[in-house]
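Novice: Just passing along the structure, written as structure tokens.
Right, here's the structure in full:
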């Protein structure tokens, strides 16, 4: 009971009535006596006394307990609290490699070293920073400040001093290990693209996740400092390549030294991804693209698998791994030649005469003509009060469908276009995969535009003029599509099936996906196929330069105007570069059993027959000579 | 009875500055501790907590003072209504409550979450005060058996509703407040002993109906070293935090237990561990003594109140604080099992702070208006 009295603070009832805290705290009074005031009902007095006794006893127990824990057992718990430091160290998974179909490595990882320091162990900081500055060439004062600051924040958490140390620097530091308490050298894996610019558009690139991505992908386990695929396969296959983080739970002492490992979960490394790309053919494509701006894509027509893809100019994905400065990024993204753009998937262009394949099929299917009907090309198609010129000023004379395709007669297709009308042409264009998603799965893929009268009304708030149909019939006007769509179309024409585009050797998902049989009569397809054979292999065929003896190459040239008014200028070198025509060539070989489809687009290259067809020819040659 | 003006300036000259001083000191300790417990946490979860509590504090203070505007005798008329509303809220929480970790304890009122079990504690105090002050309660006689049983019933109804949520800690607090308040209102002790006997006999049955995590906590209390990373974790870590504070503590914001995330719930139920770790035995003693002073102060106010309702209300508030402090301190120092009871005025949490401030506002109210009649 003594303790109880000691803890009782109170004042006399009189003072209590107008008390202040000061008086209250200073004067000690026996509360139990106070409760005995005879003015208060005796039975209440008893109960209050009982309560006060309980209060005193219980608070005494608490005080004794605190005394026991903090004073008597204090040193024991102090020691325990110092040992009581469990930390979780992450183990990052290694990102999966990207390989070509034969196992040639296109993207892999390098080991890089990172120098960390635990501030609490780093004593004295002045000396350590001096030694480090000497061996790494860093500023000693800045280093001192950095470590000091980190020490104030949290002395046990390592701070990064320098990233990407080379082996020489590491050995220099390790040599003076004894003078550098608290340093940690960590191995980090870093993405590398050993071939640099080589097919950078397919591979894409990785970078550190930014705040926006972290928010968007919350719940996916991304953390600051993780890398994420930003484009191409790196982005498409992020989930497979990334792997799963592991970790070690370690017990550390007050100084962060690891005492023992409590548990360990190994990371699951990312899986390797095999592409359908053939390194050898890709090499050919890359060398063909050297010095020109444009795009080349090679497909297996039956499966839709991309064997080679080139877009020029390219970029070096390695520069993104370290993080790009704002200036460098701006320079890259504002470059008029668009190095970051995968022109095969995201570049949209008017297809020019390549589009005549679509118009021919539409005309045959709709029965507005047959293969025997002839049209007389005068070189200028009169429509209303306007004359639409054929590319051959003096005209082609009498042409049927086959000749019109072989010689790429504009006059013939103006006539067919007039008969078909815009919406029927657009219907067949979409049927053949133009302006439609190819199924590649890459987010950067663009759809382009296949105009219809409704589209114009909605987007340009103007009616469709019949003259515009004539432009559309030769692949000009509002029409804008991507090279991959052209490649898919021409594959479809020769196989009768529109393939789903894929960059992966093995399609993990969607193997049972239904094939898209073209709802087009075999007979009509055959007419067009024969004509396209003629383009390459017949006299006066525009694609003669792609001819390859023994392999029936079939194709179609295209010369797409980049301007609305035709400049009559024979010498291409006299036309300003940015106004020159885009040269197209879309081809498949061999005719009977299509093995490879090639689409070549040379930006501002001039005539398809002279600028694009020879490239396709050389690609076919290399492809078939290998086999 | 003379009719007094609604608000009389003379009443406010009687405001108890001593009580307010102690309260402000405790609240100050609480805010400092909360700041220390949540500062510079890398975890985003903690960042708003300190400022949210400041907001709650502002609300609580305004309630504390506005409660004094109304003569507490008016509450006597409203007592059963207040009790009824809290019961309705407890039923509502079962229907529309927000589920957090398997327990439905909160009602979502748009910007704020309200915990009806806190309000129920106040409801029980009101109901019992009304019951014991209005009945025939002449000098030197005990509370009649029927009144006692009604009082126990009024206590058990919300307690059962709370235990369903399930919130064992609040249910225990409600029973303790109700029963002890009845005893201080001269309930025969025979009934208490009989009740205790009943509880002891039925406790194995209750234990079997507890949630698995609650069973684990009871077992962990009985043998804390059995599984240091499991259920005994809270108790062990809390003891390490308190013990390592030693005599003078590690200093403000220097608590390693909380900074390195060893101590869970360190800003709610285990805030005392942070205080004891940072300010040591001396700091912990200051807080304990402040609580003791506050309890004694409100007991004195109860004794000198002008009527039985005022006495009972003050004792209710006193017991409300008393049991929270006792159970919380017992829990964090490893004397009692972990049941999840906040340390009033200090722990993070809006509902408990507001209700605690409101109940002490009532104590102040009773003190200011104590002169008309003599109390018990």
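Protein chains in written order, with the numbering used here: chain D, 192 to 818; chain U, 53 to 428. Using N, Cα and C, we set each Cβ at its ideal position, and we do this for glycine too. In this text the structure is predicted, and so the values were computed from the model without any measurement.
(1) At the level of alpha carbons, what is the spacing between residue 744(D) and residue 562(D)?
(2) Would you mind telling me which residues of chain U sit closer than 8 Å to residue 408(D), beta carbon to beta carbon, in chain order?
(3) Got a sec? Which residues, its chain only, sit under 6 Å from residue 282(U) by beta carbon, not counting five neighbours each side?
(4) Taking the alpha carbon of residue 295(U) as the point to measure from, which residue in 104(U), 198(U), 385(U), 169(U) has its own alpha carbon closest?
(5) Given a cut-off of 8 Å on the beta-carbon distance, is the pair residue 549(D) and residue 616(D) in contact?
(6) Output yes or no for whether 8 Å exceeds the beta carbon distance between residue 195(U) and residue 260(U).
(7) Curious, which full-length alpha helix (DSSP H) runs of at least 4 residues does the region 657-725 of chain D contain?
(8) Say whether chain D places a C-beta atom closer than 8 Å to the C-beta of residue 254(U).
(9) With a cut-off of 8 Å, does the C-beta of residue 540(D) fall near any C-beta of chain U?
(10) Kindly confirm or deny that the region 168-184 of chain U and the region 328-347 of chain U touch, where touching means at least three C-beta pairs closer than 8 Å.
(11) With a cut-off of 8 Å on the beta carbons, I'd call residue 410(U) and residue 397(U) a contact; round off their distance for me.
(12) For chain U, is any of its Cβ atoms less than 8 Å away from the one on residue 254(D)?
(13) Is the distance from the Cβ of residue 679(D) to the Cβ of residue 467(D) below 8 Å?
(14) How close, in whole Å, do the beta carbons of residue 630(D) and residue 692(D) come, if the pair is a contact with beta carbons under 8 Å?
(15) Could you give the first and the last residue of the continuous alpha helix (DSSP H) run that contains residue 136(U)?
(16) Out of 383(D), 364(D), 385(D), which has the shortest C-alpha to C-alpha gap to residue 821(D)?
(17) Note down, in chain order, each residue of its chain lying with its Cβ closer than 8 Å to the Cβ of residue 113(U), except the 5 sequence neighbours on either side.
(18) Considering only C-alpha positions, which residue in the set 221(U), 332(U), 121(U), 351(U) is nearest to residue 244(D)?
(19) Using a Cβ-Cβ cutoff of less than 6 Å, which residues in the same chain neighbour residue 799(D) once the five nearest sequence positions on both sides are dropped?
(20) Measure the C-alpha to C-alpha separation of residue 646(D) and residue 653(D) and round it to an integer number of angstroms.
(21) Using a cut-off of 8 Å between C-beta atoms, extract the partners of residue 340(U) located in chain D.
(22) Roughly how many angstroms separate the alpha carbons of residue 264(D) and residue 343(D), rounded to a whole number?
(23) Does DSSP classify residue 184(D) as helix, strand or coil?
(24) Can you give me the start and stop residues for the beta strand (DSSP E) that residue 382(D) sits inside?
(25) Quick check on the DSSP output: the alpha helix (DSSP H) that includes residue 103(U) runs from which residue to which?
(26) Taking the Cβ atom as the reference point for each residue, do residue 621(D) and residue 613(D) lie within a distance shorter than 8 Å?
(27) Return helix, strand or coil for residue 84(U), following the three-state DSSP convention.
(28) Put residue 807(D) into one of helix, strand or coil per three-state DSSP.
(29) Specify, as a first and last residue, the run of the beta strand (DSSP E) that residue 774(D) falls within.
(30) I'd like to know if residue 501(D) contacts chain U, where contact means its C-beta is closer than 8 Å to some C-beta of that chain.
(31) Note down, in chain order, every chain D residue with its Cβ under 8 Å from the Cβ of residue 204(U).
(32) Residues of the region 375-396 of chain U with a CB closer than 9 Å to any CB of chain D: list them in chain order, please.
(33) Using a Cβ-Cβ cutoff of less than 8 Å, which residues in the same chain neighbour residue 539(D) once the five nearest sequence positions on both sides are dropped?
(34) In whole angstroms, give me the CA-to-CA distance for residue 103(U) and residue 350(D).
(35) Give the single residue among 220(U), 131(U), 115(U) whose Cα lies nearest to the Cα of residue 362(U).
(36) Could you tell me how far apart the beta carbons of residue 301(D) and residue 358(D) are, in whole angstroms, since I believe they sit closer than 8 Å?
Specialist: Let me lay it out:
(1) Within the first chain, the letter at position 553 stands for residue 744(D). Within the first chain, the letter at position 371 stands for residue 562(D). If I take the Cα positions, the gap works out to 22 Å.
(2) Position 217 of the first chain, counted from the first residue, corresponds to residue 408(D). Listed along chain U, no residue sits closer than 8 Å to residue 408(D) by beta-carbon distance, the nearest being about 16 Å off.
(3) In the second chain, residue 282(U) corresponds to position 230, counting from 1. In this prediction, residue 282(U) scores a pLDDT of 47, lower than 50, which makes its location untrustworthy; the coordinate-derived value is nonetheless stated afterwards. Same-chain partners within the cutoff: there are none.
(4) Locating residue 295(U) in the second chain gives position 243, where the first residue counts as 1. The option with the nearest alpha carbon to residue 295(U) is 385(U).
(5) By one-based count along the first chain, residue 549(D) stands at place 358. By one-based count along the first chain, residue 616(D) stands at place 425. Result yes, Cβ atoms of residue 549(D) and residue 616(D) sit closer than 8 Å.
(6) Within the second chain, the letter at position 143 stands for residue 195(U). Within the second chain, the letter at position 208 stands for residue 260(U). The answer is no: Cβ separation not under 8 Å.
(7) 657-664, 674-686
(8) In the second chain, residue 254(U) corresponds to position 202, counting from 1. Taking 8 Å as the threshold, the shortest C-beta distance from residue 254(U) to chain D does not fall below it.
(9) Taking the first residue of the first chain as 1, we reach residue 540(D) at position 349. Against chain U, the CB of residue 540(D) has no partner CB under 8 Å away; the residue lies outside that interface.
(10) no
(11) For the purposes of this step, residue 410(U) is identified with residue 358 of the second chain, where counting begins at 1. For the purposes of this step, residue 397(U) is identified with residue 345 of the second chain, where counting begins at 1. About 12 Å separates the CB atoms of residue 410(U) and residue 397(U); that is not less than 8 Å, and the two are not in contact.
(12) As a first step, residue 254(D) is located in the first chain; it is residue number 63 there, counting from the start. True, the Cβ-Cβ gap to chain U drops below 8 Å.
(13) For the purposes of this step, residue 679(D) is taken as the residue at position 488 of the first chain. For the purposes of this step, residue 467(D) is taken as the residue at position 276 of the first chain. No, the pair does not count as a contact, with Cβ atoms beyond the cut-off.
(14) The residue labelled residue 630(D) in the question sits at position 439 within the first chain. The residue labelled residue 692(D) in the question sits at position 501 within the first chain. The Cβ separation is near 5 Å, so the contact holds.
(15) Taking the second chain and counting its residues from 1, one reaches residue 136(U) at position 84. First-last of the alpha helix (DSSP H) with residue 136(U): 124-148.
(16) One cannot answer for residue 821(D) here, as it falls past the ends of chain D, which runs 192 to 818.
(17) What you label residue 113(U) is simply residue 61 of the second chain in a count that begins at 1. Hits under 8 Å: 409.
(18) What you label residue 244(D) is simply residue 53 of the first chain in a count that begins at 1. When only C-alpha atoms are compared, the closest one is 351(U).
(19) Numbered from 1 along the first chain, position 608 holds the residue referred to as residue 799(D). Excluding residues within five positions, the ones whose Cβ falls inside 6 Å are 748, 749, 750, 774, 775, 776.
(20) Along the first chain, read from residue 1 onward, the residue named residue 646(D) stands at position 455. Along the first chain, read from residue 1 onward, the residue named residue 653(D) stands at position 462. C-alpha separation (whole angstroms): 10 Å.
(21) Within the second chain, numbered from 1, the residue matching residue 340(U) stands at position 288. Ordered by position in chain D, the residues that pass the 8 Å Cβ test against residue 340(U) are 250, 253, 254, 257.
(22) One-based indexing of the first chain puts residue 264(D) at position 73. One-based indexing of the first chain puts residue 343(D) at position 152. One C-alpha to the other measures close to 29 Å.
(23) The structure shown has nothing for residue 184(D), since chain D only spans 192 to 818.
(24) Along the first chain, one-based indexing puts residue 382(D) at 191. Note, residue 382(D): beta strand (DSSP E), 374-383.
(25) Translated into the one-based positions of the second chain, residue 103(U) becomes position 51. That run of the alpha helix (DSSP H) goes 101-118.
(26) Position 430 of the first chain holds residue 621(D). Position 422 of the first chain holds residue 613(D). No, they are not a contact pair.
(27) For the purposes of this step, residue 84(U) is taken as the residue at position 32 of the second chain. Of the three classes helix, strand and coil, the one that applies to residue 84(U) here is helix, per DSSP.
(28) Taking the first residue of the first chain as position 1, residue 807(D) is located at position 616. Three-state DSSP puts residue 807(D) in a helix.
(29) Translated into the one-based positions of the first chain, residue 774(D) becomes position 583. Here the beta strand (DSSP E) through residue 774(D) covers 773-780.
(30) If you number the first chain from 1, residue 501(D) lands on position 310. Taking Cβ atoms only, chain U never reaches closer than 8 Å to residue 501(D), which makes this a no.
(31) Sequence index remark: in the second chain, residue 204(U) carries index 152 (1-based). Simply none; closest approach about 17 Å.
(32) 377, 378, 381, 382, 385, 386, 387
(33) Counted from its first residue, the first chain places residue 539(D) at position 348. Close CB contacts of residue 539(D) within its chain, under the 8 Å cut and outside five residues either way in sequence, are with 637, 639, 640, 671, 672, 673 (chain order).
(34) Your numbering for residue 103(U) matches position 51 in the second chain. Your numbering for residue 350(D) matches position 159 in the first chain. Looking at the two C-alpha atoms, the distance is approximately 30 Å.
(35) Taking the second chain and counting its residues from 1, one reaches residue 362(U) at position 310. Nearest of 220(U), 131(U), 115(U) to residue 362(U), Cα basis: 131(U).
(36) The count along the first chain starts at 1 and reaches residue 301(D) at position 110. The count along the first chain starts at 1 and reaches residue 358(D) at position 167. Rounded, the Cβ-Cβ distance is 11 Å, inconsistent with contact.
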